[in-house]
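Here the structure is laid out as structure tokens; the discussion comes afterwards.
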Amino acid sequence: MNKIWLWAGLLVPCMLLANEAEIEQAISEGTQAYQEGQLSQAASQFDYVATLIRQQQAEALGSLFPEPLPGWKAKEVASQGVSATFFGGGINASRNYHKDSASLEISITKDSPLLQAMAVLFSNANMASMAGYKVKRINGHTTMFKQDDNSLELHMLIASNILIQLNGSGLSETDLYAYAEALDIDAISKR
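Residue numbers (my numbering): 5 to 195.
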């Protein structure tokens, strides 16, 4: 097991360097195309650069999910960086956890224009209450909690541009809040 972490620790910086070289090359090619008046080619290169950077951000977010609670297991992190022209865009990462028949998905969405709609609920506790949410603070951050039958959901908006969602079924409120409290909000907000 320690060998896996050693290899991961060695390979991740190499992958980032490869992406940095690719990003720098695309910037250079885009700049050259722009200077030559090839505006479509320049725009295409800069779109490519933006996509690579969003992918890096998504991968970085993916490293910040909490470890499984005792007795729980977790799947691999799924992450993607999407242009604002597709599905609201932004940077997304998620991880699924499970224990017996209980399951939980934690997802982090950053820099998506769709977050403005959620900001309205967070800024108005009455509106959140009318939508069936209970407002609660966790680690100094306002959260919205909702329970429907066997499913629980918790939403946390950080700095108006990061939405953390915890959606689960068959788990206790205690486990849901334990996962929410295990999130390193400061590190997430810096990525």
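Beta carbons are placed, not taken as given, at the ideal position from N, Cα and C, and that holds for glycine.
>> Can you give me the C-alpha to C-alpha distance between Asn23 and Ser67, rounded to a whole angstrom?
In response: 17 Å
>> Pairs of beta-carbons, one from the segment 101 to 112 and one from the segment 165 to 176, closer than 8 Å: are there three or more?
In response: yes
> Should Met134 be labelled buried (16 or more other beta-carbon atoms within 10 Å of its own) or exposed?
Replying inline: So Met134 ends up on the exposed side.
> Three-state secondary structure (DSSP) at Phe149?
Replying inline: strand
>> Please report the distance separating the alpha-carbon of Leu20 from that of Gln61.
In response: Confidence is the limiting factor: at Leu20 the pLDDT is only 42, short of 50, which leaves the residue's position unreliable, though a coordinate-based value still follows. Whole-angstrom Cα-Cα distance: 11 Å.
>> Below 8 Å on the Cβ atoms is my contact criterion, and I expect Arg58 with Ile95 to pass it. Report the Cβ-Cβ distance as a whole number of Å.
In response: 5 Å
>> Mapping the DSSP letters down to three states, classify Asn128 as helix, strand or coil.
In response: In the structure shown, Asn128 adopts coil according to DSSP, grouped into three states.
> DSSP state of Tyr52, grouped into three classes?
Replying inline: helix
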